[in-house]
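Have a look at the structure below, then the notes.
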Amino acid sequence: MTAADPLIRERYLHSIATDGAEIGRRCREHPDRTVPTCPDWTGADLLAHLCGFAMWVDDLHAGRVAMTGPTPVVDPATAVRDYDTRLDSLGALLRDNRAVVPNWSVAPDDAEFWPRRAAQDIAVHRVDAARLVTDDPDPVPADVALDGVHEYLDVFVATAFAGGAAPESDATLELAVTDLGHTLRRDLPRPGPVTTLRGTASDLLLGLWHRRDPLELFVSGDRALVETWPHI
1 MTAADPLIRE RYLHSIATDG AEIGRRCREH PDRTVPTCPD WTGADLLAHL CGFAMWVDDL
61 HAGRVAMTGP TPVVDPATAV RDYDTRLDSL GALLRDNRAV VPNWSVAPDD AEFWPRRAAQ
121 DIAVHRVDAA RLVTDDPDPV PADVALDGVH EYLDVFVATA FAGGAAPESD ATLELAVTDL
181 GHTLRRDLPR PGPVTTLRGT ASDLLLGLWH RRDPLELFVS GDRALVETWP HI
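When we follow UniProt numbering, the leftmost residue of the sequence shown carries the number 1, and every step to the right adds one.
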């Protein structure tokens, strides 16, 4: 498969703002409740994670940290208080950054990576936050979800192979996107027998990130490949 063009920046910024606001609302309502899809976190911990992410992205853009620098650790109680400010600051930073300015990222090495990455991270965590109150959260919007699937296959699978987080194999993953009529393929990293998952763009995105059981999307091929799909 070839890499897909990202969405326009305004779409990412809108997604960050709307999903981010829902996260803040849900997590403040239930700061001490365990997040079912991230059982090591409470609602307040999820806010702390996102505050740390926003601070880290700001530090990267300002050149205050190297690419290997740790994400800042934020106290959960502080995050409950400061989350809205951090979210607004992240949105302003990503609205004003210039894509041609060199800036470390996974791929490509410029600032254009970050509006997409932030929108995708927050979209998945919006589902996490919704699970604080419902077993049936609203899906990720189809355009954002398909973009997230492309990002996952184009960026994170390759990174996982390079870093040893996922074993290389002679296999091909096929994703049939039912609501958009797309079929995507990714060699892992060499072509081989095809394993097919089928679902909406949102279902596939959440399955790849283990926010739902990817086996529920399995159609054919190597079931063990899906059972052992890495947590990237």
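We treat Cβ as the ideally placed atom computed from N, Cα and C, and that holds for glycine.
Excluding the 5 residues flanking residue i on each side, which residues of the same chain have their C-beta closer than 8 Å to its C-beta?
i    : result
L132 : R26, C27, E29, H30, R33, V35, P36, G43
E22  : R126, A129, A130
V149 : L175, V177, L184, A201, L204, L205, L208
Consider the Cβ of residue i: report whether some Cβ of chain C lies at a distance smaller than 8 Å.
i   : result
V80 : In the structure shown, chain C does not exist; there is a single protein chain.
Below 8 Å between beta carbons: does that hold for residue i and residue j?
i    : j    : result
A142 : S202 : yes
L188 : L208 : no
V57  : L7   : no
A79  : A48  : yes
L146 : L197 : no
V73  : G52  : yes
P230 : A171 : no
D45  : P70  : no
P115 : R212 : no
L215 : E227 : yes
Between residue i and the rest of its own chain, which residues show a CB-CB distance below 7 Å, the 5 nearest in sequence each way excluded?
i    : result
D19  : I122, A123, R126
D84  : G24
H210 : H231
G163 : none
Who does residue i pair with in a DSSP beta bridge?
i    : result
D143 : According to DSSP, which records beta bridges pairwise, D143 is partnered with nothing at all.
Within its chain, find whatever has a CB closer than 6 Å to the CB of residue i; leave out the 5 residues flanking it on each side and keep chain order.
i   : result
A54 : R86, L90
For the putative contact between residue i and residue j, defined by C-beta atoms under 8 Å, what is the C-beta separation to the nearest angstrom?
i    : j    : result
V194 : G221 : 6 Å
P139 : T200 : 7 Å
A111 : N97  : 4 Å
R186 : V157 : 6 Å
R95  : L13  : 6 Å
V144 : S15  : 5 Å
Whole runs of the alpha helix (DSSP H) within the region 24-87, excluding any shorter than 4 residues: As far as the region 24-87 is concerned, its whole alpha helix (DSSP H) runs of at least 4 residues are 43-62.
Beta strand (DSSP E) segments (min. 3 residues) lying fully within the UniProt domain "MDMPI C-terminal" (143-227): Listed in chain order, they are 169-177, 182-187, 189-199, 218-220.
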